[in-house]
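Student:
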Amino acid sequence: MPNWQTKSLVEGAFLAAITVILSIISIYVPFLNVFATLICPVPIVVLAVRHGWKLSAAAAVVASLVVTIISGPVNGIVTLFTVGLVGSALGTGFRKGYSPARILLIGAIAGLIAQFVLVGIYAIAFRANIIYDTLRLMAESSQQSGEIIQQLGGFLGKFSNPQSLEQLEQQVARQQQQMAYALEIMWRIIPVAFFILPSIFGSFLNFTISRLVLNKLGYKFEGLPPFKNWTMPPWTVWGFLAGIMLMWWGEKLAYPWITTIGLNLNMLFTLAYAVQGAAVIWFALEHYKVNRVIRLLVVVYMFVLMQFLTYIGLFDGIFDFRRRMLARKNKA
Numbered sequence: 002m003p004n005w006q007t008k009s010l011v012e013g014a015f016l017a018a019i020t021v022i023l024s025i026i027s028i029y030v031p032f033l034n035v036f037a038t039l040i041c042p043v044p045i046v047v048l049a050v051r052h053g054w055k056l057s058a059a060a061a062v063v064a065s066l067v068v069t070i071i072s073g074p075v076n077g078i079v080t081l082f083t084v085g086l087v088g089s090a091l092g093t094g095f096r097k098g099y100s101p102a103r104i105l106l107i108g109a110i111a112g113l114i115a116q117f118v119l120v121g122i123y124a125i126a127f128r129a130n131i132i133y134d135t136l137r138l139m140a141e142s143s144q145q146s147g148e149i150i151q152q153l154g155g156f157l158g159k160f161s162n163p164q165s166l167e168q169l170e171q172q173v174a175r176q177q178q179q180m181a182y183a184l185e186i187m188w189r190i191i192p193v194a195f196f197i198l199p200s201i202f203g204s205f206l207n208f209t210i211s212r213l214v215l216n217k218l219g220y221k222f223e224g225l226p227p228f229k230n231w232t233m234p235p236w237t238v239w240g241f242l243a244g245i246m247l248m249w250w251g252e253k254l255a256y257p258w259i260t261t262i263g264l265n266l267n268m269l270f271t272l273a274y275a276v277q278g279a280a281v282i283w284f285a286l287e288h289y290k291v292n293r294v295i296r297l298l299v300v301v302y303m304f305v306l307m308q309f310l311t312y313i314g315l316f317d318g319i320f321d322f323r324r325r326m327l328a329r330k331n332k333a
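Everything in the sequence shown is counted per this note's numbering, starting at 2 for the first residue and increasing by one.
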């Protein structure tokens, strides 16, 4: 058994209690649940940084047991993995002095494991597939919306000409076809959309919030580079191209599983290069001293043109636009 000092145990108990409070708020308080969910892992992160992963893991187990008593075993297990596992992993990364990118990767892997566990728990506890249920509800909502519009069109048709009614029915049919196609795509990108992206985003938020708290406590941990300098590693271009090739190959050979792998790779690297493209746009706007508010509005609007941002990010990986802008400025 680890030789923990009384001070460490007291601090562990205190932070475990805070974790329990935040977990209960995230479950039962509608207006604060999102905020509480975001900061839930922070006490465990702090404990791992100050006293190591063993004490943080022990505190997470205690917190999950208390949540189980108050709110049931499902929420207790959710707390153990989404808070305990992720918090201990991130805290250990901070404690060992890893780079921000490595800490984010560790947090994302821990979050990915937690996501798989949660899907398994949901399946065992409720004998259902949470992903299937979510997509089924979306399909049913789309169908019900179409039926309501058709009924409304039938009612209004009594007071309007048949041509307008026919146009309305055609529009509803097109919308339902588009929704059916979107749901088919969603089924095929489940690995990225439901597991990988939430894990990366969650790791980023937890890293950012935990670092702010730790720095307030007197620690000095390195943060991520400024957004304008974000760039993907050179090898990611091969992942992007592999996704396109696998999609083409799968369609050509009529192997849906190959197409699905390619689709997931393509989505993942498309989003990655879109972020890099947004960073390039931000760099250029800052370089030419555009107002910060206008910069933000431009970048937000550019995300509507996702494909455009992706190509900017992709070509930046090849031609390094930001280095060229700086070189031109230095010459001037």
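We put the beta carbon where it would ideally sit given N, CA and C, even for glycine.
1. Quick test of the definition: if touching needs 3 or more C-beta pairs under 8 Å, does the segment 209-219 touch the segment 120-139?
2. If you run the structure through DSSP and keep just helix, strand and coil, what is L33?
3. Going by the beta-carbon positions, is the gap between A49 and S89 smaller than 9 Å?
4. Is the distance from the Cβ of F320 to the Cβ of G278 below 9 Å?
5. Which class does M2 belong to by DSSP, given the choice of helix, strand or coil?
6. Whose CA, out of M248, W188, E185 and T311, lies closest to the CA of T237?
7. Using the three-state DSSP reduction, which class does A255 fall into: helix, strand or coil?
8. With a cut-off of 8 Å on the beta carbons, I'd call M248 and L269 a contact; round off their distance for me.
9. Please say whether Y220 and F241 have beta carbons closer to each other than 9 Å?
10. For L16, I'd like the list of residues in its chain whose CB is within less than 8 Å of its CB, leaving aside the five on either flank, ordered along the chain.
11. Is the separation between the beta-carbon of L81 and that of G13 shorter than 9 Å?
12. What does the Cβ neighbour count give for I282, buried or exposed, with the cut at 16 atoms within 10 Å?
13. DSSP three-state call for N130: helix, strand or coil?
14. Where does Y312 sit, in a helix, a strand or coil, going by DSSP?
15. Give me, in chain order, the residues of the same chain whose beta-carbon lies closer than 8 Å to that of L206; leave out the 5 immediate sequence neighbours on both sides.
16. Mind checking which residues open and close the alpha helix (DSSP H) that includes S100?
17. Return no unless some Cβ of chain D is closer than 9 Å to the Cβ of T261.
18. Can you tell me whether G240 is helix, strand or coil according to DSSP?
19. Using the Cβ count rule (16 or more neighbours within 10 Å means buried), how would you classify W54?
20. So for V291, helix, strand or coil by DSSP?
21. I need the DSSP call for E185, collapsed to helix, strand or coil.
22. Classify M268 as helix, strand or coil using the three-state DSSP reduction.
23. To which residues of the same chain is S9 closer than 7 Å at the C-beta, ignoring the five residues directly before and after it?
24. Which of the three DSSP states is assigned to Y274 in this structure?
25. For a test of the three-state rule: what should DSSP assign to T232, helix, strand or coil?
26. Please state the DSSP three-state secondary structure of P74.
27. Note down, in chain order, each residue of its chain lying with its Cβ closer than 6 Å to the Cβ of G203, except the 5 sequence neighbours on either side.
28. Could you round the C-beta distance between S27 and Q116 to whole angstroms and report it? I think they count as a contact, below 8 Å.
29. Keeping to the same chain, check which residues put their C-beta closer than 7 Å to that of L66; ignore five residues upstream and five downstream.
30. With a CB to CB cut of under 6 Å and the five nearest residues on each side skipped, what residues in its chain are close to L315?
31. Can you list, in chain order, the residues of its chain whose CB lies under 6 Å from that of F322, leaving out five sequence neighbours each side?
32. Within 10 angstroms of its Cβ, does A255 collect 16 or more other Cβ (buried), or is it exposed?
Tutor: Reading off the structure:
1. By the Cβ test, the segment 209-219 is not in contact with the segment 120-139, since fewer than three Cβ pairs between them sit closer than 8 Å.
2. Note: L33 maps to coil in three-state DSSP.
3. Contact flag set, yes.
4. Against a cut-off of 9 Å, the Cβ pair of G278 and F320 comes out as no contact.
5. Here M2 scores only 49 on pLDDT, less than 50, and its place in the model should not be relied on; the value that follows carries that caveat. Coil at M2, not helix or strand.
6. Residue T311 is the option with its Cα nearest to T237.
7. Reduced to three states, the DSSP call for A255 is coil.
8. The Cβ separation is near 13 Å, so there is no contact.
9. Against a cut-off of 9 Å, the Cβ pair of Y220 and F241 comes out as no contact.
10. Closer than 8 Å at the Cβ level, and outside the excluded window around L16, lie P44, I45, V47, L48 and A60.
11. The answer is no: Cβ separation not under 9 Å.
12. By the neighbour-count rule (16 or more Cβ atoms within 10 Å), I282 is buried.
13. N130: coil per DSSP, three-state reduction.
14. Of the three classes helix, strand and coil, the one that applies to Y312 here is helix, per DSSP.
15. Closer than 8 Å at the Cβ level, and outside the excluded window around L206, lie L39.
16. Here S100 belongs to no alpha helix (DSSP H), and DSSP marks it neither H nor E.
17. Checking the listed chains, one finds no chain D in this structure; it contains a single protein chain.
18. When DSSP states are grouped into helix, strand and coil, G240 belongs to the helix group.
19. Within 10 angstroms of the beta-carbon of W54 lie 16 or more other beta-carbons, which makes it buried.
20. In the structure shown, the three-state DSSP call for V291 is coil.
21. Here DSSP, grouped into helix, strand and coil, assigns E185 to helix.
22. The answer is helix: DSSP assigns M268 an H, G or I state.
23. Leaving aside the five residues that flank S9 on each side, the residues in its chain whose CB is nearer than 7 Å to its CB run, in chain order, H52 and L56.
24. Residue state for Y274 is assigned as helix, using DSSP reduced to three classes.
25. In the three-state reduction of the DSSP assignment, T232 falls in the coil class, being assigned neither a helical nor a strand state.
26. Reduced to three states, the DSSP call for P74 is helix.
27. G112.
28. About 16 Å separates the two Cβ atoms, so there is no contact after all.
29. Cβ within range, chain order: G77.
30. Correct list, in chain order: Y274.
31. The answer, listed in chain order, is V281.
32. By the C-beta density criterion, A255 is exposed, having fewer than 16 other C-beta atoms within 10 angstroms.
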